[in-house]
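Below is one structure, written out as structure tokens, with a few remarks after it.
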Amino acid sequence: MTTPDLPLAGIRVADFTWFGAGPIYTEILANHGAQVIRIESQAHIDGLRVAHPMPEGRYTLNVSGYYNNFNASKLSFLLNMKHPKSLDVALRLIAISDIVAENYTPGTLEKWGLTYEAMLAVKPDVILVREPMQGAGGPHGDFGGFGLVIAPLTGLNHLSGFPHREPVGLGTQYTDYVMNPGHAAIATLAALRYRNRTGKGQLIEVAQVESSVSVVGTAILDYTANGRVGMRAGNRLRHAAPHGVFRCAGDDRWCAIAVFTHDEWRALGGAMGDPDWTREERFATLQGRKANEDELDRLIEGWTRERSAEEAMQTLQAAGVPAGVVQSAQDVLENDPHLKARGYYGYLDHPEAGLTAYDGPGFRLSKTPGRLLSPAPMLGEHTAFVCSEVLKMDDEETAQLVMENVLF
Amino acid sequence: MADPVETPLALDDIRVLELAGEPGWYCGKLLAELGADVIKIEPPGGDPGRRIGPFYHDEIDPEKSLYFFAQNTSKRSITLDIAAADGQALFRRLAASADVVIETFPPGFLQTLGLDYQALTQIRPGIILASITGFGQWGPHSHFKGPDIVAVAMSGIMYLAGFPDDPPNRPYGNQSHYCASIQAATGILTALLHRDLTGEGQQVGVSMQEALSMNQETAIQYWDIRHELRGRMGNERRMPAIGAYQTQDGYLMFFVGVPGFGAPWPVLFQWMAEEGMAEDLDSPEWRDIYGQMDLRLVAELYFGHDPELAAQWRPRMSHIDGVLDRFVRAHTTQPMYEEAQRRGLLVAPCNTPEDVVRNPQLNYRQWFTTVVHPELAATIAYPGPPYRLSDTPWRLRRRPPLIGEHNDEVYCRELGLSQQQLAALSAAGVI
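Going down the list, the sequences are from chains B and X. Going by this note's numbering, the first sequence opens with residue 1, and the numbers climb by one from there. Going by this note's numbering, the second sequence opens with residue 1001, and the numbers climb by one from there.
Set out below in structure tokens:
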């Protein structure tokens, strides 16, 4: 795969990550031209390869939509790190890589002999990126977890949702998808640029809890400056009313509506056909609407219930009122004309999984846009390629390493 | 640890003009704390986002917004009326030495001022213009208003958050702004690497809707591959030990029993037995039952269509869940979290902001960063580094700027305006 037009062409990543936050981070690099070599093993299967969703009745290691969506544009190289002979192969790969990435529990790479010092010995300007859960060292440094465990630690669960319900969070492993991969990519790109300027590599640690607490900053300051322990407050905001989601016609259909200014409030009234209640004194100011918000929401819902969420959104946006359908995955993938026009989701044809949808890049560069270069690799699909074309191993050595279950 | 002031910064050769409202704040902060000189350009009177609370000591004042503080450290601030012709002229002069401009105006607005990308490249070849809006620069919804709740709704992530019998939940804290800013900063750095090699700048387009999309986890794939629609699960606990459990003083999130994810169920059970709280689960019959709770069963119960299997397991699960529920309720949150993790069980506390600030691990690693606010006669602990770079560490370089705090420094000392010119522009409402 050569992609000279892409901004990270020529950059090679020895990618020891697995599950979510690691591979999603390296996919950002891969989609922008880096050669990302996932080090995988039959002896140590990435849990996402056995995770749902898979096509009904065809449960193999190569068809998980969870794994595939986050591993486009990469190569898969089998290397059994539990085998003592693998260390030499790993270091030979690192010697010709720019970046080494991993997201294991601290100490795991060291168990394999893959210390930072060993990497520096073969690649003095290596950029090593580690994404442990809580950071190396300290009383909780070796605690286990992943997104479902990290989000509650950061306060996101406590702060999201309705106050009368349990703090179940966002229904996903939220921090795995943008927060941690994004912060890791930013640190990596900054380090890469610094290396280009100075010739110096470095060690980067993205402790996933630290990276994720960064995005609840206001609540942290409200406690450290004011001593106030914030509580989840549903969908309402102190400085906007109405602000929430409103039931529309159909089953589980909702439209978000948010009014921040007096103009938007007048526009909302107009869009709903100027019913008398919108002219009532008690709703005339933000303060009044906040004081009567339950009643306000009930009256607005009287209007939204009469129409589809799409119609409510179109009517309100045309009048200049912020509004949006609470879209399901089906809406997002199939019905959203905007995402379709922009081609956000790409369909890639995979030898086992067939044609399936992948997320596109989360940002768009006008001259060197990232793109999905190839479907997710099948387990070990590129072992032979990496041996011959990247590591320049002769066939005899490759065969020997296969027989000894090193390339396994 | 070396004195951080002595360490180099990764982006110390980069100047950024942050002509941006709330969605672009965090992007500017990310670049500033890696070393870029980020000049925040606020309308005279200050960024409207400064009027959003909570406020320091609840004193409503644009210089005391904690919401603003959290995302605006390490920047300089100047004021400028970009709608005024004199303001545009000044902006052009500023752009002549800028590497990056971050903006969040409705698409096309900069063009009406003659400050679109093409115009900026005339002033500064190689400039990178990053634009963050609800729906991106083009497409049928690009002119939609897109505050946070609209973006999270349209992205698909709200549909998954909360309880099935409640309205969908908006995530706390304008997550669309954070996600969009993170995507923008990634794009800017990628574009800078390209510029370094070729001299060529470009535009970085970020749609908040798209920036959030990855957070749908597998919802798109469930629909695409299986035509199953993921919805809100609430705290359904279809498997015991997967979900939120109440303690004496809070909640713990449990994720125990899925192979490959921490210690298995028998370890949790053993703990309950040690404390004499396993009730009748301490019998061969029940040991046999929870021994069968494997990945396939989990998948089948979560997503399968076998009503018989579900009917067989529902009462068993509900009984085990009840015993566990009573066990957890007898404990307090933080000690139970540490003991569970000591046993290898994947359990985490649903921390309050206070718990986060007191978290032993974050404090051991000296994560919180104190910032002196002389105007408030206060020192406030701020969130610390999202990442730690060994040679070019993240650095919180100064408290958030006051409105126009650096007007004199930037306009007079750096741009060469005289004090009289600055005063005249000030009087005219341009600065």
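Virtual Cβ for every residue (Gly too), placed ideally from N, Cα, C. All of these numbers come straight from a predicted model, not from anything done at the bench.
- Residue nearest to GLY360(B) within the set SER73(B), ILE45(B), GLU56(B) is SER73(B) (criterion: CA-CA distance).
- Runs of the beta strand (DSSP E) lying entirely within the stretch 180-233 of chain B, each at least 3 residues long, are 202-205 in chain order.
- Chain B has no Cβ within less than 8 Å of the Cβ of ILE1102(X).
- Look at the beta carbons and you see the stretch 295-310 of chain B not touching the stretch 1129-1141 of chain X: under three pairs across the two are nearer than 8 Å.
- For ASN235(B), same chain residues with a beta-carbon under 7 Å away, outside a window of 5 residues either side, are HIS243, GLY244, VAL245 in chain order.
- Within the stretch 276-336 of chain B, the beta strand (DSSP E) runs of at least 3 residues that lie entirely inside it are, in chain order, 323-325.
- Contact of THR218(B) with chain X is assigned, a C-beta pair being separated by under 8 Å.
- For MET378(B), the closest C-alpha among the options LEU333(B), ILE99(B), THR60(B) is that of THR60(B).
- Annotation: Cβ neighbours of THR1186(X) in chain B (cutoff 8 Å, chain order): ILE28, GLY182, ALA185, ILE186, LEU189, GLY362, PHE363.
- For the beta strand (DSSP E) assignment, the uninterrupted runs of no fewer than 3 residues enclosed by the stretch 1328-1388 of chain X are, from N- to C-terminal side, 1347-1349, 1369-1373, 1378-1382.
- Remark: fewer than three beta-carbon pairs, one from each stretch, lie closer than 8 Å, so the stretch 281-295 of chain B and the stretch 1110-1124 of chain X are not flagged as touching.
- Annotated three-state conformation of SER64(B) is coil, per DSSP.
- Considered as a whole, the stretch 1236-1280 of chain X harbours 1242-1246, 1251-1255 as its complete beta strand (DSSP E) runs of no fewer than 3 residues, in chain order.
- If you check each beta-carbon in the stretch 1052-1083 of chain X against every beta-carbon of chain B, the ones closer than 8 Å belong to ILE1052, GLY1053, PRO1054, TYR1056, HIS1057, ASP1058, LEU1066, TYR1067, PHE1069, ALA1070, GLN1071.
- A residue is called buried when at least 16 other Cβ atoms come within 10 angstroms of its Cβ; ARG49(B) meets this threshold and is buried.
- Sequence-distant partners of CYS248(B) (beyond 5 residues in either direction) whose C-beta falls short of 7 Å from its own C-beta, in its chain, are TRP254, CYS255, THR304, ARG305, ARG307, SER308, ALA309, ALA312.
- Against chain B, the beta carbon of PHE1327(X) has no neighbour under 9 Å; the closest one sits roughly 17 Å away.
- Distance between MET1214(X) and SER1176(X), taken at the CA atoms: about 12 Å.
- When DSSP states are grouped into helix, strand and coil, LEU114(B) belongs to the coil group.
- Sequence-distant Cβ neighbours of GLY1049(X) in its own chain, meaning closer than 8 Å and more than five residues away, are GLY1021, GLU1022, TRP1025, SER1065, TYR1067, PHE1068.
- In this structure, THR1352(X) and ASP1249(X) do not form a Cβ contact; the two beta carbons are roughly 10 Å apart against a cut-off of 8 Å.
- When Cβ-Cβ separations below 8 Å define contact, TRP1367(X) makes contact with chain B.
- With at least 16 other beta carbons inside 10 angstroms of its own, ASN103(B) counts as buried.
- Between the alpha carbons of GLY1046(X) and VAL168(B) lies a gap of roughly 37 Å.
- Taking the CA atoms as reference points, TYR344(B) sits about 22 Å from PRO322(B).
- Within the stretch 1234-1249 of chain X, those residues whose Cβ lies closer than 8 Å to any Cβ of chain B are, in chain order, GLY1234, ASN1235, GLY1243, ALA1244, GLN1246.
- Listed along chain X, the residues sitting closer than 9 Å to GLY65(B) by beta-carbon distance are THR1218, ILE1220, GLN1221, TYR1222, ASP1224, ILE1225, ARG1226.
- If the five residues before and after VAL1372(X) are omitted, its C-beta is found closer than 6 Å to the C-beta atoms of THR1379, all from its own chain and listed in chain order.
- The distance from the Cβ of GLY201(B) to that of ARG195(B) is about 5 Å, consistent with a contact at the 8 Å cut-off.
- Selection LEU114(B), ALA185(B), TYR177(B), ARG364(B) evaluated against LEU1212(X) yields TYR177(B) as nearest (Cα-Cα).
- Positions of the beta strand (DSSP E) runs, each at least 3 residues long and wholly inside the stretch 89-154 of chain B, are given as 99-102, 127-130 in order along the chain.
- Taking 9 Å as the cut-off between beta carbons, the residues of the stretch 198-210 of chain B near chain X are THR198, LYS200, GLY201, GLN202, LEU203, ILE204, GLU205, VAL206, ALA207, VAL209, GLU210, in sequence order.
- Here the alpha carbons of TYR1222(X) and ALA1311(X) stand approximately 24 Å from one another.
- GLY354(B) is bridged by DSSP to HIS350(B).
- Nearest CB-CB separation between SER1283(X) and chain B: not below the 8 Å threshold.
- If you check the CB distance, ALA271(B) and LEU299(B) do not come in under 8 Å.
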